[in-house]
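Below is one structure; the comments refer to it alone.
2 protein chains.
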Amino acid sequence: MPSWVVVGPGDDAAVIEPERGALDVVTTDAQVEGIHFDRRFVPPDAIGHRALAVNLSDLAAMGAQPRAALLSLALPDATLVSDLDGILDGLLALATAQRTALIGGNVTRTTGPLIIDVTAFGSVKRRRILTRAGARPGDDVYVTGMLGDAVVGLQSLREGGAKAGDPVNVCEARYLRPEPRVRAGLVIGRSRAASSCMDLSDGLADAVRQVAEASDVGMALDAAAIPISEPSRAWHARNGSDALSTALSGGDDYELLLTVRPAQRGRFHAARKLCGHVAMTKIGTVTKGRELVVGYGDQSGPLPQGYQHFAGSPEAGPRR
Amino acid sequence: MPSWVVVGPGDDAAVIEPERGALDVVTTDAQVEGIHFDRRFVPPDAIGHRALAVNLSDLAAMGAQPRAALLSLALPDATLVSDLDGILDGLLALATAQRTALIGGNVTRTTGPLIIDVTAFGSVKRRRILTRAGARPGDDVYVTGMLGDAVVGLQSLREGGAKAGDPVNVCEARYLRPEPRVRAGLVIGRSRAASSCMDLSDGLADAVRQVAEASDVGMALDAAAIPISEPSRAWHARNGSDALSTALSGGDDYELLLTVRPAQRGRFHAARKLCGHVAMTKIGTVTKGRELVVGYGDQSGPLPQGYQHFAGSPEAGPRR
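Chains A and B, in that order, are what the protein sequence lines are. Be aware that the first sequence starts at 0, since it is given in numbering that gives the first Met the number 0, and climbs by one per residue. Be aware that the second sequence starts at 0, since it is given in numbering that gives the first Met the number 0, and climbs by one per residue.
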C-alpha cells in the first residue's frame, strides 16, 4: 500500500490522506452480468479489468489522477473460486498499471447475476477540473481514439470470435480490456486547454447530447471527420453494415469527448503531443442554440440516438 | 449541497473538498434483497435507511464524521417507481439527519434481486482514528445500546409484526431503521479514550473475534453484563427462546464494541456523558493469549459463533 493509505483493507473502513492542495474526485459504476457483459465470451479477468476501467474513465473525464478504489462484489453461489481469482487478477493488473490502490470492499451473496461495483477515488487541483458544463459556441469539438471499435469487438465475440491474425482481434481487445484515457485526461486538465470534457461510455451521440445540455449549447459534427479504425471499416464492409452509425451511436469505447476554445488551440496542440499514441481528432464545432446536427458533405441531419446496452434495453436510469 | 461539494451529481464524477487537516474515511456495503432484507416486510424507506445506516455505522466505528455518500442501485425491471421513491426518501431522510450529502451514484437494471450499494465518505483527524487493532490485555470491553433487539424485531416482522402497543414494536423499529452510532463514535474518537472500536453489524461474537484477532489478544465477557432490552427479554420469555444467545450471536444491531485502557477510564466516563441516550455497558475484559470466553456466574464457556444472515447461509466473504 502507498504511504498515504493510513488504514487499508480489513477494518470497518479505509482511511486515506487526501492529496495536499487537491480536491477528491469520486465515482461509482456497476457492471451487471447479462446487462453489461456476457460471461460466455467475457473472461473473468476482463470482467475485473472493465469494472475498474469504466470508473477510471470517469476520473479521466474530470482531469483527475486515480488514487484508490473500493470493490463491491455480489456473487452467485455457483461462482467458481477460479473465476473470482480471475476477476481480481484483471482488476488488480489495471490497478497496478494505473497506480490505483485497492483499499477495501465488500463481498456478498446474491441469488441473481454477478454484479461488480467499483468506487474509484482520484485527486485534481481545483483549476484543472474538467466538467461537462463549459462548452461555448465557437469551441472546437475533439474525441480521443477510434470510435465504434468496442461494438465491432462485441459483435465479433458474440459470433464466436475472430480468427488469429484477423485485425478484428484489436476491436475485441478494445471491448474486453478498454484503456481508460487517464493520461490524456490529466494532460488536458493540466494544460487548461479544454472548456468541457466527458467520457464516451454510452457512445458519442449520448456524450454530445449530455455536454450540450450541461453547457446549454448545440453542436455540429462532421461525419467525415469521425475517427474509425481500419479493422472496424473492414468488418463493417464485410457485414454490409454502417461503420459511421456504429461510431456515432455505439457505446463502450471509453474515449473522451472534449471542447477547446479557439484561443486555447495552441495550448491544446502542445498538450496533445504529450498524450503519446492516443489520437485526438477534431470532429465538429460548438454552436449557438441547442441543435445537434451531423453534416454529411453538403447535407446534414439530426444527431442519432445514443447507445443501448447489449441486452437491447435502455438503462433504468442515469449512468455516471 | 454544502459548499465543499465542488461538483455534485450529474457529471462524470463528483468533486469534493477534503476537510482541512483531516483524513478521508471511505467504506462500501451492499444490501441484497433476499439476503439482507425481505421486501415482504421491509418497506422501501427502510431499505434506503438501512443501506445508508450500515455504512454510517462503519464510519462511526472509525470515529469519523460522515460527509457524503454515493448510491449505486441495481433494479429489477418490475420495480415500481413508487418503491424507488420510497427507497430514496428513506435514504435521504437519514442523510439529512446525519448531515451527509448524496453527491452521486449509478442506477442499472438487473435480472436478479434488488441491490442497493452505498459508498460513504467521512473525515477524521489522524490522532482520533479508531481501529480494531489497539486492544491490550487489561482493557475494559464496552458496547453501546442493547444487543439482540434487531433479531427479535426481524423475527416478529416475519411472524406478521407486533400489534400496536406491543413493546416489541421498538425491536422492529431497531431492525428496520437502525440508528448508526455516529455521535458516540465521534465523541469516543475525540476523547482518545478507546484503544479499539468496531461496529456490530454481524453481531457481538463476530466483532469480539475480529477485534481480538486484529489486536492479537483474548477477551473474557461476563454474560450477566450483556445489555438486553426489556422488550427483547419479554419476547424471548414468551417464545421460550434464549435472549442471551441472541444478544451474543444476533446481527444487525449496528452498535459499537470498544475497548478502554484502565488509565483512560476517567476520560472515557467524561466522554460517555456526551453521548446522550446511548447506553455504554462494560461487558468484559481484554486478556492475554487468544482465548475468547463467556463467564456465566461460576462457569465459563467458549464464545459462540457469529451471526448468519436471515437466509440462513453464511456470507460469501468478508464484510466491512
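C-beta atoms are modelled at their ideal positions from N, C-alpha and C, and glycine is treated no differently.
**Message:** On the CB-based measure, 16 or more other CB atoms within 10 Å of its CB, does Leu79/B come out buried or exposed?
**Reply:** exposed
**Request:** Report the neighbours of Ala13/B on chain A: residues whose CB is nearer than 8 angstroms to its CB, in chain order.
**Result:** Val24, Val25 and Thr26
**Request:** Could you name the residues of the same chain whose beta carbon sits closer than 6 angstroms to that of Ser155/A, not counting the 5 residues immediately before and after it, in chain order?
**Result:** Ala161, Val167 and Glu171
**Asked** Can you name the start and end residues of the beta strand (DSSP E) that Tyr141/B belongs to?
**Response** Asp139 to Thr143
**Request:** Provide the residue span of the beta strand (DSSP E) that contains Ser71/B, from first to last.
**Result:** Gln64 to Pro75
**Prompt:** Okay, do the stretch 107-120 of chain A and the stretch 66-75 of chain A touch, 3+ Cβ pairs below 8 angstroms being the bar?
**Reply:** yes
**Asked** Is the stretch 10-30 of chain B in contact with the stretch 140-149 of chain B, if contact means three or more CB pairs nearer than 8 angstroms?
**Response** no
**DSSP beta-bridge partners of Pro301/B** = Val292/B
**Prompt:** In the stretch 84-110 of chain A, which residues sit with their C-beta less than 9 angstroms from some C-beta in chain B, listed in chain order?
**Reply:** Ile102, Gly103, Gly104, Asn105, Val106, Thr107, Arg108, Thr109 and Thr110
**Prompt:** Quick one: is His276/A buried, meaning 16 or more other Cβ sit within 10 Å of its Cβ, or exposed?
**Reply:** exposed
**Message:** Measuring only the C-alpha atoms, how far is Gly137/B from Thr286/B?
**Reply:** 6 angstroms
**Asked** Can you tell me whether DSSP reads Ala163/A as helix, strand or coil?
**Response** coil
**Prompt:** Can you give the Cα-Cα distance for Ser312/B and Ala77/A, rounded to whole angstroms?
**Reply:** Any reading at Ser312/B must be qualified, since the residue scores a pLDDT of 34, below 50, and its modelled position is unreliable; the value itself is stated next. Those two C-alpha atoms are separated by around 14 angstroms.
**Request:** Determine, using beta-carbon pairs with one atom in the stretch 211-227 of chain A and one in the stretch 80-92 of chain A, whether at least three such pairs fall under 8 angstroms.
**Result:** no
**Collapsed DSSP secondary structure at Phe309/A in the structure displayed** = Reliability fails at Phe309/A, whose pLDDT of 43 lies under 50, so the model's placement of it is uncertain and no value is given.
**Item:** Collapsed DSSP secondary structure at Lys124/A in the structure displayed
**Value:** coil
**Message:** So, at 6 angstroms on beta carbons, what are the nonlocal neighbours of Pro317/B in its own chain, with the 5 sequence-adjacent residues on each side left out?
**Reply:** Reliability of the predicted coordinates at Pro317/B is poor, the pLDDT of 37 falling under 50, and no value is obtained from them.
**beta strand (DSSP E) runs wholly inside the stretch 171-243 of chain B, at least 3 long, in chain order** = 193-198 and 217-221
**Asked** Looking at C-beta atoms only, is the number of pairs between the stretch 228-245 of chain B and the stretch 203-213 of chain B that lie closer than 8 angstroms three or more?
**Response** no
**Assumed close pair Val259/B, Ala192/B - CB separation to whole angstroms, cut-off 8 angstroms** = 6 angstroms
**Asked** What did DSSP end up calling Leu22/A once you bin it into helix, strand or coil?
**Response** strand
**Request:** Pull up the DSSP beta-bridge partners for Thr118/B, would you.
**Result:** Thr27/B and Leu69/B
**Prompt:** The alpha helix (DSSP H) with Ala13/B in it runs from where to where?
**Reply:** From DSSP, Ala13/B is part of no alpha helix (DSSP H) but of the beta strand (DSSP E) over Ala13 to Ile15.
**Message:** Classify Gly103/B: buried if its beta carbon has 16 or more other beta carbons within 10 angstroms, exposed otherwise.
**Reply:** buried
**Request:** Taking Arg108/B as part of the beta strand (DSSP E), name the residues at either end of that continuous run.
**Result:** Ala100 to Thr109
**Message:** Looking at the secondary structure, which residues open and close the alpha helix (DSSP H) in which Leu51/B lies?
**Reply:** Pro43 to Ala60
**Chain-ordered residues of the stretch 50-78 of chain B with a beta carbon less than 9 angstroms from chain A** = Asn54, Ser56, Asp57, Leu58, Ala59, Ala60, Met61, Ala63, Ala67, Leu69, Leu70, Ser71, Leu72, Ala73, Leu74, Pro75, Asp76 and Thr78
**Item:** Ala315/A, DSSP secondary structure in three states
**Value:** Residue placement at Ala315/A is poorly supported in this model, since its pLDDT is 32, which falls under 50; the coordinates still yield a value, given next. Reduced to three states, the DSSP call for Ala315/A is coil.
**Asked** Using a beta-carbon distance below 8 angstroms, is Glu323/B in contact with chain A?
**Response** Any property of residue 323/B remains undetermined from this structure, which presents chain B solely from 0 to 319.
**Request:** Report the rounded CA-to-CA distance for Ser190/A versus Ala100/A, giving the unit in angstroms.
**Result:** 26 angstroms
**Prompt:** Is any beta-carbon of chain B found at less than 8 angstroms from that of Gly316/A?
**Reply:** Summary for Gly316/A: the model assigns pLDDT 35, below 50, so the residue's position carries little reliability, and this model does not support an answer.
**Message:** Buried or exposed for Ala67/B, going by 16 or more other Cβ atoms inside 10 Å?
**Reply:** buried
**Request:** Output the distance between the C-alpha atoms of Ala29/B and Asn105/A, rounded to the nearest integer angstrom.
**Result:** 7 angstroms
**Request:** Give me the Cα-Cα distance between Gly265/A and Val150/A, rounded to the nearest whole angstrom.
**Result:** 34 angstroms
**Request:** Take the Cβ of Pro301/B as the centre, count every other Cβ of all protein chains shown within 10 Å, and call the residue buried at 16 or more, exposed below.
**Result:** exposed
**Asked** What does Met197/B touch in chain A if you count any residue whose Cβ is under 7 angstroms from its own?
**Response** Asp11
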